[in-house]
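Peer 1: If you read the sequence shown in the numbering used here, its first letter stands for residue 7, the second for the next number, and so on.
The C-beta atom is built at its ideal place from N, Cα and C for all residues, glycine as well.
Below: one structure in structure tokens.
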Amino acid sequence: MEKKIFTVKDKNLARADVAEALGIKVTDIEEATVSHTYDLSNILEVGQIYEYSTYQITVK
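Right, here's the structure in full:
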């Protein structure tokens, strides 16, 4: 098993999108997690602002 970690500015990637970006088959993905990062510095004035997402993928 191999872990791949990448950061993108898209919080709505599907497994098929991730597989295509990594050049692998969807069936090769064993586990996938995602975390989203927001800028909260102006949360009272403008609310939370999406910054980026970090995807961690485990492949066969």
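(1) Any contact of the region 7 to 23 with the region 46 to 54, i.e. 3+ C-beta pairs under 8 Å?
(2) Following the continuous alpha helix (DSSP H) through I49, name the residue where it begins and the one where it ends.
(3) Is DSSP giving A27 helix, strand or coil here?
(4) Nearest-angstrom Cα distance between K10 and N48?
(5) Along the chain, where does the beta strand (DSSP E) containing T43 start, and where does it finish?
Peer 2: Checking against the coordinates, here is how it stands:
(1) No, because fewer than three Cβ pairs between the region 7 to 23 and the region 46 to 54 fall closer than 8 Å, the two stretches do not touch.
(2) I49 to V52 is the extent of the alpha helix (DSSP H) around I49.
(3) The answer is helix: DSSP assigns A27 an H, G or I state.
(4) Each residue's Cα considered, the two are about 32 Å apart.
(5) First-last of the beta strand (DSSP E) with T43: I35 to D45.
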